[in-house]
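Chemist: For reference, the structure I am asking about is given below.
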């Protein structure tokens, strides 16, 4: 009894369940690879930007260089905050507290947009990880029911007559676990990385606001 034989000889409902699980697995692996490279790029760019920012470089020069490039993550938060800060200062007649509040809101909005982008599709991985085992279990239960209905036409039930039906039903559970385990592991890892970036974004925003406030008070 090869796996291929068990799949091809399974009932239509079990085959449909298997096909759905394979599709979910393929989609989850596509999102896993896509999210892996996205987060790796965001982490690397965040490290590089923080190194440049804390190296003592001129903020205006760093702003111009970052704004002209393909900003991502922390870079976009910096650009959004500095842009709003300059815009409010050029208006004139505004209190320092109002300028800093506007800058803080701009950075907070940019932070939320970046986190939404980085967290995109992770909920799909969580859904695949939680639902796939139950879909596979449904296929297994249906396959076992189908196997036992077939035994009604057999005069004497033996292991040779029962085993193929149960084995093909259990394949659905195996495929469900194959889809769920990588999706769950990837979701937990990506959620950890996004949470780490969120903390770094918040810490940078507060430190950057302090720097801008000291500059504006001069």
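Residue numbers (the UniProt record's numbering): 1 to 218.
Glycine included, every Cβ here is placed at the ideal spot set by N, Cα and C.
Please determine if the segment 127–142 and the segment 104–115 are in contact, where contact requires at least 3 C-beta pairs separated by less than 8 Å.
Modeler: The segment 127–142 vs the segment 104–115: no contact.
Chemist: According to the neighbour-count rule (16 or more other Cβ atoms, all chains shown, within 10 Å of its Cβ), is residue 28 buried or exposed?
Modeler: Reading the chain shown from its first residue, position 28 is the one you call residue 28. With 16 or more other Cβ atoms within 10 Å, it is buried.
Chemist: Is residue 24 near residue 128, with beta carbons less than 7 Å apart?
Modeler: One-based indexing of the chain shown puts residue 24 at position 24. One-based indexing of the chain shown puts residue 128 at position 128. Residue 128 is positioned such that its CB atom lies closer than 7 Å to that of residue 24.
Chemist: Buried or exposed: residue 187, going by 16 or more other Cβ atoms within 10 Å of its Cβ?
Modeler: Taking the first residue of the chain shown as 1, we reach residue 187 at position 187. Under this definition residue 187 is a buried residue.
Chemist: List in chain order: all unbroken alpha helix (DSSP H) runs of 4+ residues lying wholly within the UniProt domain "MotA/TolQ/ExbB proton channel" (95–202).
Modeler: 96–118, 122–151
Chemist: To the nearest angstrom, how far is it from the Cα of residue 45 to the Cα of residue 72?
Modeler: Along the chain shown, read from residue 1 onward, the residue named residue 45 stands at position 45. Along the chain shown, read from residue 1 onward, the residue named residue 72 stands at position 72. Cα to Cα, residue 45 sits roughly 7 Å from residue 72.
Chemist: Could you pull out every residue in the same chain whose Cβ sits closer than 6 Å to the Cβ of residue 119, ignoring the five residues on either side in sequence?
Modeler: As a first step, residue 119 is located in the chain shown; it is residue number 119 there, counting from the start. Correct list, in chain order: 194.
Chemist: Would you mind reading off the limits of the alpha helix (DSSP H) that contains residue 34?
Modeler: One-based indexing of the chain shown puts residue 34 at position 34. According to the DSSP assignment, residue 34 belongs to the alpha helix (DSSP H) that extends over 12–53.
Chemist: Could you check which residue in 50, 39, 214, 216 has the C-alpha nearest to that of residue 115?
Modeler: As a working note, residue 115 is residue 115 in the chain shown. Per the Cα distances, 39.
Chemist: Following the continuous alpha helix (DSSP H) through residue 57, name the residue where it begins and the one where it ends.
Modeler: The residue you call residue 57 lines up with position 57 of the chain shown. Residue 57 -> no alpha helix (DSSP H), and no H or E assigned at all.
Chemist: Cβ atoms of residue 96 and residue 216: under 7 Å apart, would you say?
Modeler: To locate residue 216, count along the chain shown from 1; it is residue 216. To locate residue 96, count along the chain shown from 1; it is residue 96. Closer than 7 Å, so yes.
Chemist: Between the C-alpha atoms of residue 100 and residue 90, what's the straight-line distance to the nearest angstrom?
Modeler: For the purposes of this step, residue 100 is identified with residue 100 of the chain shown, where counting begins at 1. For the purposes of this step, residue 90 is identified with residue 90 of the chain shown, where counting begins at 1. When rounded, the distance between both Cα atoms is 13 Å.
Chemist: Mind checking which residues open and close the alpha helix (DSSP H) that includes residue 72?
Modeler: The residue labelled residue 72 in the question sits at position 72 within the chain shown. Counting along the chain, residue 72 falls outside any alpha helix (DSSP H), and DSSP gives it neither H nor E.
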